[in-house]
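Enquirer:
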Amino acid sequence: MNLEKRAIAGEEQALMELLTRHEDTLYRTAYAYLKNEHDAIEAVQELTYRALKKIHSVKEPAYIATWLVRIIINICLDVKKKQEKFVYNHDVEIASTDQKPYEMADIIASLPTEQQELIYLKYFQDMKNADIAQLKQIPEGTVKSRLHTTLKRLRVLIEKEEL
Numbered sequence: 008m009n010l011e012k013r014a015i016a017g018e019e020q021a022l023m024e025l026l027t028r029h030e031d032t033l034y035r036t037a038y039a040y041l042k043n044e045h046d047a048i049e050a051v052q053e054l055t056y057r058a059l060k061k062i063h064s065v066k067e068p069a070y071i072a073t074w075l076v077r078i079i080i081n082i083c084l085d086v087k088k089k090q091e092k093f094v095y096n097h098d099v100e101i102a103s104t105d106q107k108p109y110e111m112a113d114i115i116a117s118l119p120t121e122q123q124e125l126i127y128l129k130y131f132q133d134m135k136n137a138d139i140a141q142l143k144q145i146p147e148g149t150v151k152s153r154l155h156t157t158l159k160r161l162r163v164l165i166e167k168e169e170l
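Each residue of the sequence shown is one higher than the one before, starting from 8 at the first, in the numbering used here.
#1: Hey, Ile15 and Ile62 are a contact pair by Cβ (cut 8 Å); roughly how many whole angstroms apart?
#2: Can you tell me whether DSSP reads Asp133 as helix, strand or coil?
#3: Where does the unbroken alpha helix (DSSP H) through Lys60 begin, and where does it stop?
#4: Comparing C-alpha positions only, which one of Leu41, Lys129, Gly148, Tyr56 sits nearest to Glu19?
#5: Can you give the Cα-Cα distance for Leu59 and Lys167, rounded to whole angstroms?
#6: Determine the DSSP secondary structure at Gly17, reduced to helix, strand or coil.
#7: Taking the alpha carbon of Ala140 as the reference point, which residue from Ile48, Tyr130, Leu125 has its own alpha carbon closest?
#8: Leaving out five residues on either side along the sequence, give the residues of the same chain with a beta carbon under 7 Å from the beta carbon of Ala137.
#9: Quick one: Cα of Ala72 to Cα of Leu164, how far?
Structure, rendered in structure tokens:
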């Protein structure tokens, strides 16, 4: 029996091996969303706990990596929601005109969460449209059209910042 099937069957050691195998990707995903090492590490720890509790719910062993990424994204979104409740508005200094006020990461961060997620999965995690569709539980055509819309919006934001 392969590692994925053993993990789904409840073998804790097999799940730990899978988590170790995907640790780098899961950490990078968490860090990309949360933008700090401490929160990213905590998110991966929470993922370990949730995966141990819910591994039996995975129906297709081939999609365990996708399932883990989905969990880490959900954890990160939960953390961001909690953080937003405690954010205070402060006056922000406007950058001088001889500096570029935003880097690409800032521009992507200005997109709605759904669009940020698509960009991240497609271009930073190198996921195929079919895998994104499976992860998000939407048709592949919807993924393509949303990516098209997101890239179009991203181009507009980049051009706006270069003026």
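All C-beta atoms, glycine included, are put in the ideal place defined by N, C-alpha and C.
Expert: So, to answer that:
#1: 6 Å
#2: Assigned with DSSP and collapsed to three states, Asp133 falls in coil, not helix or strand.
#3: 44-61 is the span of the alpha helix (DSSP H), which, as asked, contains Lys60.
#4: Tyr56
#5: Going by C-alpha positions, Leu59 is about 46 Å away from Lys167.
#6: The DSSP-derived three-state label of Gly17 is coil.
#7: Nearest of Ile48, Tyr130, Leu125 to Ala140, Cα basis: Leu125.
#8: Glu147
#9: 32 Å
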